[in-house]
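In numbering that gives the first Met the number 0, the protein residues as written are 0 to 426.
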Amino acid sequence: MLVTNARLAGRDGLHDIEIDGDRFGRVAPAGELAGDVLADAAGGLVSPPFVEPHVHLDTTLTAGEPRWNASGSLWEGIAVWSERKTALTRDDVVSRATEVLRWYAANGVLHVRSHVDVTDPELVALDAMVEVRERVKDVIGLQLVAFPQEGICSFENGPELLEEAARRGADVIGAIPHFEDTREDGVRSLEIAFDIAQRYGLLLDAHCDEIDDEQSRFVEVLATLARRGGLRDRATASHTTAMGSYNGAYSYKLQRILARSGINLVCNPLANLCLQGRFDAYPKRRGLTQVKEMLAAGVNIAFGHDDVMDPWFPLGTASSLQVALVGVAAAQLTGAAEIDEAFAMVTDRAARVLGLGDGYGIAPGRPANLVVLPASSPYDAVRRQTRPSHVVARGRIVAETPPAVTRLTWPGRDPEDVDFVRARDRR
Ligand code: FE2
């Protein structure tokens, strides 16, 4: 089978892509390969699928249950979730998570890392999500993070629950050091998380410094543990919003520590633009990772959605392009190359966070996963928010979106279609 007339990043002209079963075959200039056409990209951008590096699927679609987060703060969100959690059942988690994974697939997001709250003596959500991971594996590769929402040291049996989650099938060990009761508990919680990750051969991804407190500096601890213990790029610090409050001298020191450690960062612009700065009068802080500076320092960063309709963020359609667009505005990535970089932060860079390696990318022998975007470039796809015309998972088309057409009737002109492309960019 072939995906024909594809525009590929880094290659001139159009290409055809061979798909042999569930794997990619050769890639050659358009017209050189023989085979049946699976999808005609018609000159559109063909990309490896979008990758969601950070979402909470156990809390998704619960916005307003049992009440809305009135203050909009992270802390009230945790309190609302703590109330909702008492009503959690396996079926409840499976149906909400599955619905949002369907949205992800429709948007061309075929790899997802989901945090799952394990501060629950029964681990109801984790068991349910392990089941979901198995059910969706032919379409979406799902990684599960054992996420101690209410702390490791500050929650009863926190360390035991985290290790039990590792035994029950978590792929990644989480932590939340800034939420622990003391600075010392925060450091200890990271040591416990690293110890479990290393003993079970798992990755690590901690919610780290998600607070507007310039004294919250656990990312330096996480990076140092990752470097000294050898986990390096298998470790990730998510959120790191306190970076939006660090002074210049400390930021400079931190760039060196993070770059040397090889860890990844995940910035979640949709949720954190809303959650942070809630205790500020004006000037009100943005409360985000130092994206531009850390990219320049050579640190791998991805953009994540974090929440789709839950106590922390009431909006969202599980679209990585929406995350990238907001990320451009939030992190001021407005140069043309920076907008392409924002696209990489929801594709290639996010794939590095998940450690996908040879399991990701359009190259012979790799899993045949791709999206066809009716766009001329990553920049164009981010700007016009083009939904994929085709989503191919494991060599099969799993989603198709006909092009949206808007017909405009304008004084003095015949009715015509508007596609929001400026004339000088039209091919
Ligand atoms: Fe999160």
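Cβ atoms here follow ideal geometry from the backbone N, Cα and C, with glycine treated the same way.
Contact belief for residue i with residue j at Cβ below 8 Å, rounded distance in angstroms
{"i": "residue 365", "j": "residue 299", "result": "Not confirmed; about 20 Å, so no contact."}
{"i": "residue 297", "j": "residue 307", "result": "No, residue 297 and residue 307 are not in contact; Cβ-Cβ is about 31 Å, not under 8 Å."}
{"i": "residue 272", "j": "residue 293", "result": "18 Å between Cβ atoms; not a contact."}
{"i": "residue 317", "j": "residue 117", "result": "Not confirmed; about 23 Å, so no contact."}
{"i": "residue 179", "j": "residue 152", "result": "5 Å"}
{"i": "residue 367", "j": "residue 18", "result": "5 Å"}
{"i": "residue 36", "j": "residue 3", "result": "5 Å"}
{"i": "residue 222", "j": "residue 262", "result": "5 Å"}
{"i": "residue 289", "j": "residue 250", "result": "6 Å"}
{"i": "residue 260", "j": "residue 225", "result": "5 Å"}
{"i": "residue 32", "j": "residue 1", "result": "6 Å"}
{"i": "residue 285", "j": "residue 229", "result": "With 8 Å as the limit, residue 285 and residue 229 do not qualify as a contact, their Cβ atoms being about 34 Å apart."}
{"i": "residue 338", "j": "residue 327", "result": "6 Å"}
{"i": "residue 403", "j": "residue 390", "result": "Incorrect: roughly 16 Å between the Cβ atoms, too far for contact."}
{"i": "residue 129", "j": "residue 101", "result": "Going by Cβ atoms, the distance from residue 129 to residue 101 rounds to 19 Å, so no, they are not a contact pair."}
{"i": "residue 25", "j": "residue 410", "result": "Not really, about 52 Å apart at Cβ, beyond 8 Å."}
{"i": "residue 112", "j": "residue 51", "result": "7 Å"}
{"i": "residue 139", "j": "residue 177", "result": "Going by Cβ atoms, the distance from residue 139 to residue 177 rounds to 30 Å, so no, they are not a contact pair."}
Contact test: residue i Cβ vs ligand 1 heavy atom, cutoff 6 Å
{"i": "residue 211", "result": "no"}
{"i": "residue 309", "result": "no"}
{"i": "residue 208", "result": "no"}
{"i": "residue 305", "result": "yes"}
Short Cβ contact (7 Å threshold) for residue i with residue j
{"i": "residue 239", "j": "residue 218", "result": "yes"}
{"i": "residue 165", "j": "residue 189", "result": "no"}
{"i": "residue 241", "j": "residue 212", "result": "yes"}
{"i": "residue 131", "j": "residue 79", "result": "no"}
{"i": "residue 393", "j": "residue 419", "result": "no"}
{"i": "residue 171", "j": "residue 204", "result": "yes"}
{"i": "residue 341", "j": "residue 355", "result": "no"}
{"i": "residue 274", "j": "residue 233", "result": "no"}
{"i": "residue 310", "j": "residue 76", "result": "yes"}
{"i": "residue 49", "j": "residue 12", "result": "no"}
{"i": "residue 313", "j": "residue 43", "result": "no"}
{"i": "residue 360", "j": "residue 47", "result": "yes"}
{"i": "residue 371", "j": "residue 29", "result": "no"}
{"i": "residue 64", "j": "residue 95", "result": "no"}
{"i": "residue 268", "j": "residue 352", "result": "no"}
{"i": "residue 405", "j": "residue 417", "result": "yes"}
{"i": "residue 123", "j": "residue 87", "result": "yes"}
{"i": "residue 376", "j": "residue 345", "result": "no"}
{"i": "residue 45", "j": "residue 5", "result": "yes"}
{"i": "residue 154", "j": "residue 115", "result": "no"}
{"i": "residue 330", "j": "residue 291", "result": "yes"}
{"i": "residue 195", "j": "residue 161", "result": "yes"}
Residue i - containing alpha helix (DSSP H), residue span
{"i": "residue 237", "result": "That residue, residue 237, is in no alpha helix (DSSP H); its beta strand (DSSP E) goes 234-238."}
{"i": "residue 133", "result": "123-134"}
{"i": "residue 161", "result": "157-166"}
{"i": "residue 95", "result": "89-105"}
{"i": "residue 186", "result": "182-199"}
{"i": "residue 173", "result": "Taken as a continuous stretch (DSSP letters only), residue 173 belongs to no alpha helix (DSSP H), as it is neither H nor E."}
{"i": "residue 76", "result": "73-84"}
Min CB distance residue i to chain B below 7 Å
{"i": "residue 2", "result": "Absent from the structure is chain B; it holds one protein chain and no more."}
Endpoints, the beta strand (DSSP E) within which residue i is located
{"i": "residue 24", "result": "22-28"}
{"i": "residue 203", "result": "202-207"}
{"i": "residue 412", "result": "Where residue 412 is concerned, there is no enclosing beta strand (DSSP E), given that its DSSP letter is neither H nor E."}
{"i": "residue 16", "result": "13-19"}
{"i": "residue 113", "result": "108-116"}
{"i": "residue 38", "result": "36-39"}
{"i": "residue 146", "result": "140-146"}
{"i": "residue 5", "result": "1-6"}
**Message:** Please give me, in chain order, every unbroken run of the alpha helix (DSSP H) with length at least 4 that falls completely inside the segment 44-71.
**Reply:** If we require 4 residues or more, the segment 44-71 turns out to have no alpha helix (DSSP H) run fully inside it.
Practice prompt. Could I get the ranges of all uninterrupted alpha helix (DSSP H) runs contained in the segment 274-330, with 4 residues as the minimum, in chain order?
Written response: Listed in chain order, they are 290-295, 319-330.
TODO: Could you name each continuous beta strand (DSSP E) segment of 3 residues or more that falls completely within the segment 322-398, going from the start of the chain to the end?
DONE: Secondary structure within the segment 322-398: the beta strand (DSSP E) runs of 3 or more consecutive residues, fully enclosed, are 369-372, 389-392 (chain order).
Which runs of the alpha helix (DSSP H), 4 residues or longer, sit entirely within the segment 215-272? Correct list: 217-228, 247-260.
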